[in-house]
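K.L.:
Residue numbers (the working numbering): 21 to 313. Before I ask anything, here is the structure I am working with.
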């Protein structure tokens with residue numbers, strides 16, 4: 021990981037509007053020349069005094085399969101709250117990776133305690149660094165949520181920009197996750213074609229690859245694909261998480277919409293594979309208590 025200097029802090033007075041940020045990132049994408057040793061923004065964006073829009077939260081819960089009206093936020097929802105801040109950083113002129121084609125490859129979440137849906141909180145987002153990847157360059161973006169000055173939730177997301185590279189695949193041993201035996205199947209889900217539009221409306225992430233087959237084809241997909249964060253949220257809604265939890269998920273292959281997927285789980289691990297007996301792994305993850313026993 022590229023060594024980072026101490027970030028400067030920029031305090032926001034409101035949630036950034038996503039549409040202009042996505043448009044700016046798209047326009048600047050052709051100018052990017054990604055490489056793992058490039059400089060990156062050192063600004064830490066902070067948004068104090070944030071309160072959750074309960075109507076939007078309920079739409080998110082319905083889209084992902086969480087019970088509505090719970091006292092605490094779903095474990096994945098702070099990612100939605102921090103997404104506009106992350107987009108402000110990643111669409112900026114000083115971010116070296118192209119926003120178009122950027123792939124969310126993993127997320128790690130630490131929830132130290134349940135976060136009440138009605139609590140006032142402070143969001144903070146910064147780019148932690150860049151790292152070489154066998155398929156290009158990967159950026160790590162950190163999101164933090166504080167209440168009363170205490171850190172209660174944090175995540176680290178990795179985003180991959182694909183480009184030619186001399187990096188070689190890791191020589192580490194072990195069986196690639198896509199080749200492991202499937203976990204015991206617990207449910208089969210038939211996904212409608214509007215899953216991406218419903219999640220996009222609830223989360224604000226209206227990337228065209230998720231919304232319609234025509235716009236998805238512009239980026240090389242035969243049909244619209246589900247948001248990666250929808251797949252992990254849907255799995256965790258089914259699996260459940262303790263109030264204090266550690267979650268790790270890796271996004272392996274896109275889920276085409278409409279489509280059928282099989283949810284599997286065992287001993288804290290969960291996954292999503294192609295349905296109807298398919299072995300293609302879309303998502304793998306695990307959830308456990310915090311702190312680890």
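Every residue gets a Cβ at the ideal spot worked out from N, C-alpha and C, and that includes glycine. Computed from a predicted model, the values in this text were never measured in an experiment.
Where do the ends of the beta strand (DSSP E) carrying residue 160 lie?
P.N.:
156-167 is the span of the beta strand (DSSP E), which, as asked, contains residue 160.
K.L.:
Out of curiosity, what's the CA-to-CA distance linking residue 312 and residue 72?
P.N.:
Distance between the alpha carbons of residue 312 and residue 72: 29 Å.
K.L.:
Going by other Cβ atoms of all chains shown within 10 Å of its Cβ, with 16 needed for buried, is residue 225 buried or exposed?
P.N.:
When all chains shown are included, residue 225 counts as buried.
K.L.:
Helix, strand or coil: which one does DSSP assign to residue 232?
P.N.:
Three-state DSSP puts residue 232 in coil, outside helix and strand.
K.L.:
According to DSSP, simplified to helix, strand and coil, what is residue 72?
P.N.:
In the structure shown, residue 72 sits in coil (DSSP, three-state: anything other than H, G, I, E or B).
K.L.:
Taking its Cβ as the centre, do 16 or more other Cβ atoms sit within 10 Å of residue 106, making it buried, or is it exposed?
P.N.:
Buried: at least 16 other Cβ atoms inside 10 Å.
K.L.:
Along the chain, where does the beta strand (DSSP E) that runs through residue 271 open and close?
P.N.:
From DSSP, the beta strand (DSSP E) with residue 271 extends over 265-271.
K.L.:
Cutting at 8 Å between CB atoms, please list the residues of its own chain near residue 196, excluding the five before and the five after it.
P.N.:
Any reading at residue 196 needs caution, since the residue's pLDDT is 49, under 50, leaving its predicted position unreliable; the model's value is listed next. Answer for residue 196: no residue qualifies.
K.L.:
Using a Cβ-based criterion (distance less than 8 Å to any ligand heavy atom), does residue 303 qualify as near the ligand PLP?
P.N.:
With respect to the ligand PLP, the structure offers nothing, as it holds no ligand at all.
K.L.:
Mind checking residue 248: buried by the 16 CB within 10 Å criterion, or exposed?
P.N.:
So residue 248 counts as buried.
K.L.:
Just the C-alpha distance for residue 205 and residue 299, rounded to the nearest angstrom, thanks.
P.N.:
So the alpha carbons of these two residues sit roughly 11 Å apart.
K.L.:
What first and last residue would you give for the alpha helix (DSSP H) that runs through residue 106?
P.N.:
That run of the alpha helix (DSSP H) goes 97-110.
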